[in-house]
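Using our numbering, the first residue of the sequence shown is number 13, and each one after it goes up by one. Where is the CB? At the ideal position from N, CA and C, for every residue including glycine. Read the structure below first, then the notes.
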Amino acid sequence: MLRHCPEYRRLYLARNASLLGDWFNLLAVLALLRELGAASASAIGTLIILKLLPVTLAGPAAGVIADRFSRKAIMLLADGARLLLVLGMFTAPWFGPAGVWLLYALTFLQITAQAFSEPARMASVPNLVPEHELGAANALGALTWSLMYTLGAAVGGVVTSLLGWRVALGVDAASYLVSLMILARARIPSPVAVSGPGGLVTWLGLRDFAAVGRYLFDHPKVAALMTAKTGWGAAGAISMMLALYGERVYPIAGSPDMGIALLYVARGLGTALGPLISRRLTREREGPIKWAIGLSFVLAGICYVVFAGTSYLPLALGLAVIAHIGGSTVWVFSTLLLQREVPDRFRGRVFAAELGLCTAAISASTWGWGWMIDQQVVDLRQMTLGVALTMLAAAAGWVLTLGTARRAEMRLRNARPWAR
13 MLRHCPEYRR
23 LYLARNASLL
33 GDWFNLLAVL
43 ALLRELGAAS
53 ASAIGTLIIL
63 KLLPVTLAGP
73 AAGVIADRFS
83 RKAIMLLADG
93 ARLLLVLGMF
103 TAPWFGPAGV
113 WLLYALTFLQ
123 ITAQAFSEPA
133 RMASVPNLVP
143 EHELGAANAL
153 GALTWSLMYT
163 LGAAVGGVVT
173 SLLGWRVALG
183 VDAASYLVSL
193 MILARARIPS
203 PVAVSGPGGL
213 VTWLGLRDFA
223 AVGRYLFDHP
233 KVAALMTAKT
243 GWGAAGAISM
253 MLALYGERVY
263 PIAGSPDMGI
273 ALLYVARGLG
283 TALGPLISRR
293 LTREREGPIK
303 WAIGLSFVLA
313 GICYVVFAGT
323 SYLPLALGLA
333 VIAHIGGSTV
343 WVFSTLLLQR
353 EVPDRFRGRV
363 FAAELGLCTA
373 AISASTWGWG
383 WMIDQQVVDL
393 RQMTLGVALT
403 MLAAAAGWVL
413 TLGTARRAEM
423 RLRNARPWAR
């Protein structure tokens, strides 16, 4: 596929360059926060929320723009903005304690730029590969995301620990420059121009999102598929949880950066294996895919129940790997089903809405658990059990949602046979 789809290959390589830098960025910023005297669970939780919440806030506008304007231009502008914002992070220590707030602000803006890029990228993939290779494209994207996560966490942890956060941030900035150079050569189709009356309502995107609302009402199956990532997001305090375990339970040779990196590497390995195993078991058939999503929630929940009860690092690492085999299955298969179901004219807005719901859930989960940890309402083990039980509840919610959507589609088909 990479040989025969050169435009997808360029999009794929550009994304991977920036992804590698993103994981360097996370570890570098965590180290910078500690240097600035902000190492509490709330401080870490705030950073992680700021790496998620802009996707929710910018989602409506990002989806409309991805369906109206050049998707290539959107991605180029986003990479350029992120390059400048990462360079601005080097100045945070100049401002003393106030540097924490500057770092938070720059992180928020950095992820806002990403929030515009990601729906444009996801909406472009079906236009760059043959339909029969769409599953392979998503599996490859998820596999490489995981490899970049693993490599970025491993190398980023070593670089940050030995050479400092400045070098790690420099790698992040360089990654956006590489992505820009690759994307500049890509030919990515622009969406079909949206027709209809103009005016403020149109240009604010309200008319476009109203159209998506009507589309989802007429297609309950698509609305149900959008809940899979949100179910995973409800247990989304995992990133903060693993960072806290790395700092407080599993520091390597006294280094929290290495402890965090090792747990993140285990997570990355799991997300790499998930699409490979799941595609082979389901053969990309819709029915088995839906069952695989539900069972993946159960698998991850059980693994984190056991994770909460161990202090043995090798076992904890193995459980993290297995849990995130399930997590990547949820992510890849829900994306594949939506790309198959949603027409191009709605795709950007649907993916923006889906990502927005997911990141809102992750942000709420991260803030809530971070606050409870800092207020000593729960300890780290109790938090892990709570996250695990949320995953098990999401499995039940997924089954109920699909059943409800199936009945709604049958009623709709009987009442409105013209609906498509």
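A straight-line Cα-Cα distance of about 35 angstroms links L275 and L140.
V389 sits exposed, since fewer than 16 C-beta atoms from the chains shown fall within 10 Å of its C-beta. When the beta-carbon positions are compared, T396 and S340 stay at least 7 angstroms from each other. The beta carbons of A125 and L114 sit no closer together than 7 angstroms.
Residue pairing by DSSP puts S267 in a beta bridge opposite I264.
Taking every protein chain shown into account, the CB of L327 has fewer than 16 other CB atoms within 10 angstroms, so this residue is exposed. Within the model, the alpha-carbon separation for S267 versus E259 is close to 8 angstroms. Along the length of the stretch 102 to 170, whole alpha helix (DSSP H) runs at least 4 residues long occupy 111 to 140, reported in chain order. Linking L404 to V310 through their CA atoms gives a straight-line distance of about 5 angstroms. Here DSSP, grouped into helix, strand and coil, assigns H16 to coil. Taking C-alpha positions only, R197 is separated from R21 by approximately 11 angstroms.
Contact check for A373 against G338 fails: the beta carbons are separated by 7 angstroms or more.
At a Cβ-Cβ threshold of 7 angstroms, T378 and G280 do not count as neighbours. Non-local beta-carbon contacts of T294 in its own chain, meaning distances under 7 angstroms to residues more than five positions away in sequence, involve P300, I301 and A304 in chain order. Taking a cut-off of 8 angstroms on C-beta distances, the stretch 232 to 241 touches the stretch 341 to 356, as three or more cross pairs fall below it. Note on geometry: alpha-carbon atoms of P232 and L424 lie some 9 angstroms from one another. The criterion of a C-beta distance shorter than 7 angstroms is not satisfied by A127 and P203.
Classified as exposed, P201 has fewer than 16 neighbouring CB atoms from the shown chains inside 10 Å of its CB.
Between G147 and E296 a beta carbon distance of about 4 angstroms is seen, short of the 8 angstroms cut, so the two are scored as contacting. Here A180 is actually not in contact with V190; their C-beta atoms are around 16 angstroms apart, not less than 8 angstroms. Sixteen is the threshold: when 16 or more other Cβ atoms of the shown chains lie within 10 Å of the Cβ of I56, as they do, the residue is buried. Annotation for K63: no alpha helix (DSSP H) segment contains it, and DSSP assigns it neither H nor E.
Taking the Cβ atoms as the reference, M101 lies roughly 23 angstroms from L195, outside the contact range of under 8 angstroms. The beta-carbon distance between A376 and A74, rounded to whole angstroms, is 20 angstroms. This is too long to meet the 8 angstroms contact definition. Within the same chain, R94 and L97 come within 6 angstroms of Q122 by CB-CB distance, once the 5 residues on both sides are set aside.
Leaving aside the five residues that flank V399 on each side, the residues in its chain whose CB is nearer than 7 angstroms to its CB run, in chain order, A247, A249, I250, M253 and Y316. Under the 10 Å beta carbon count, A78 is surrounded by 16 or more other beta carbons and is classified as buried. Here the C-alpha atom of G176 lies approximately 11 angstroms from the C-alpha atom of E47. With a cutoff of 7 angstroms on beta-carbon distance, N28 and D184 are scored as not near each other. Taking M13 as the centre and dropping the five residues before and after it, the same chain places the C-beta of Y20, V141, E145, A148, A149 and L152 closer than 8 angstroms to its C-beta, in chain order. Annotated as proximal: G360 and A135, with beta-carbon spacing under 7 angstroms.
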